[in-house]
């Protein structure tokens, strides 16, 4: 028996945020990242809508990129004092991920991060509060996923929390909230979304449900990503919907070695998650094509690429991803990104071992050894084709 889980409701489109005026509750704890959402009026609008619904609110500001254990526990302590029955996470992946983790420790204060990081090991949530997620970037799709990643900045340990319990109750995908994203963020988050969909499709845990969502997301991203980067309003709106579909796909199908590598190199090499995915994706496709050629050919057809055989279509897909990077001024290798060779080589053994051990490796369509991962990472560093 298999399971497919998404939020109870997804409200989407222009002014979807106004749904908050209709919800029921007494106290809402709002989690955001930086002061940007205060300055641009988004946080105030949320508070106003909640007030209209008769709900008192408290704002938590200051979730950093790669949210920390300390931030999560600080938020959980404030939740304990405020006693919300509603939690609203707003922003990119970091504040929503942090809000999910705060939710766990608010409801179960004696739980530990080590226990939370065991896959599908959480106790039953919603004993105290429901969770509403509002994304303001178009990539992570954490508003519809069963994942949260929290980092202990003292030890460097990442706690990847995976449990259907933390799938939000409601996702609010307001297409007005992404119109002011800077171009670099459009590129990084857009390539993250594309990677989610492409990795979900050949995953060993795929299903007809995830296949349908992944292919539709790929079609929409192919049509809109570069247009969104160039500032077209409708394309940005369509990308916000597309990344949500990709999120529903990968939350249930899981991912592959692109994310395994991105998870492990992000902090060590100081490379943003979406940027890492953008660089790694084409190389991983070359590696995986030995066992997933037909699946990548399907993806190439969805993107309307040319090729007479599956092999030609896979080659077209690899080239297309390179063209996307070029169109959005993104580097094609870790060396081009600016990682010093001696730094990379000094970290290579550890990066390879930890990438293979990452949970996402388990659903990659081709098995990979530590030695193969070292070869793959080396090819990515120098920008070499993968032929092993």
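Residue numbers (UniProt numbering): 1 to 388. The beta-carbon is built from N, C-alpha and C at its ideal position, and this holds for glycine as well.
For residue i, I'd like the list of residues in its chain whose CB is within less than 7 Å of its CB, leaving aside the five on either flank, ordered along the chain.
i, result
"residue 25", "55, 85 and 86"
"residue 227", "235"
"residue 310", "293, 294 and 297"
"residue 156", "267"
"residue 240", "138, 173, 175 and 178"
Are there 16 or more other CB atoms within 10 angstroms of the CB of residue i, so buried, or fewer, so exposed?
i, result
"residue 325", "buried"
"residue 139", "buried"
"residue 343", "exposed"
"residue 382", "exposed"
"residue 247", "buried"
"residue 260", "buried"
"residue 238", "buried"
"residue 183", "exposed"
"residue 210", "buried"
"residue 39", "exposed"
"residue 208", "exposed"
"residue 14", "exposed"
"residue 1", "exposed"
Residues bridged to residue i by DSSP?
i, result
"residue 125", "In DSSP, residue 125 forms no bridge with anything."
"residue 323", "Looking at the DSSP assignment, residue 323 forms no beta bridge with any residue, so it has no partner."
"residue 135", "91"
"residue 162", "147"
"residue 113", "Partner(s): none; residue 113 has no beta bridge."
"residue 86", "28 and 130"
"residue 255", "BP columns for residue 255 are empty, so no partner."
"residue 13", "174"
"residue 60", "31"
"residue 68", "151"
Look at the alpha carbon of residue i and the alpha carbon of residue j, and state the distance between them as a whole number of angstroms.
i, j, result
"residue 74", "residue 181", "28 Å"
"residue 268", "residue 117", "20 Å"
"residue 271", "residue 263", "10 Å"
"residue 53", "residue 20", "7 Å"
"residue 61", "residue 136", "15 Å"
"residue 299", "residue 385", "20 Å"
"residue 223", "residue 4", "27 Å"
"residue 159", "residue 333", "27 Å"
"residue 290", "residue 302", "20 Å"
"residue 122", "residue 66", "21 Å"
"residue 78", "residue 151", "20 Å"
"residue 119", "residue 59", "30 Å"
"residue 318", "residue 365", "17 Å"
"residue 115", "residue 218", "35 Å"
"residue 41", "residue 314", "45 Å"
"residue 102", "residue 388", "43 Å"
"residue 321", "residue 190", "12 Å"
"residue 142", "residue 96", "7 Å"
"residue 312", "residue 288", "15 Å"
"residue 124", "residue 337", "43 Å"
"residue 376", "residue 18", "47 Å"
"residue 286", "residue 37", "40 Å"
"residue 28", "residue 126", "14 Å"
"residue 356", "residue 92", "27 Å"
"residue 273", "residue 251", "17 Å"
"residue 44", "residue 16", "15 Å"
Starting from the C-beta of residue i, find all residues in its chain whose C-beta is less than 8 Å away, skip the five residues before and the five after it, and write them out in chain order.
i, result
"residue 374", "348, 349 and 352"
"residue 327", "226 and 229"
"residue 345", "none"
"residue 94", "33, 63, 64, 65, 66 and 67"
"residue 316", "300, 305, 306 and 307"
"residue 220", "238, 239, 241, 242 and 245"
"residue 51", "57"
"residue 109", "76 and 80"
Excluding five sequence neighbours on each side, which residues of the same chain lie with their C-beta closer than 6 Å to the C-beta of residue i?
i, result
"residue 395", "There is no way to answer for residue 395, as the model of the chain reaches only from 1 to 388."
"residue 100", "148 and 166"
"residue 47", "57"
"residue 214", "197, 200, 201 and 249"
"residue 23", "53"
"residue 89", "31, 95, 96, 99 and 133"
"residue 275", "188"
"residue 277", "191, 192, 195, 258 and 262"
Measure how close the beta-carbons of residue i and residue j come, nearest whole angstrom, since I'm counting them as under 8 Å.
i, j, result
"residue 200", "residue 253", "4 Å"
"residue 144", "residue 6", "6 Å"
"residue 379", "residue 283", "6 Å"
"residue 106", "residue 128", "6 Å"
"residue 187", "residue 330", "6 Å"
"residue 363", "residue 194", "Residue 363 to residue 194, Cβ: 18 Å. No contact."
"residue 354", "residue 257", "Contact doesn't hold; Cβ gap of about 12 Å is too wide."
"residue 131", "residue 168", "5 Å"
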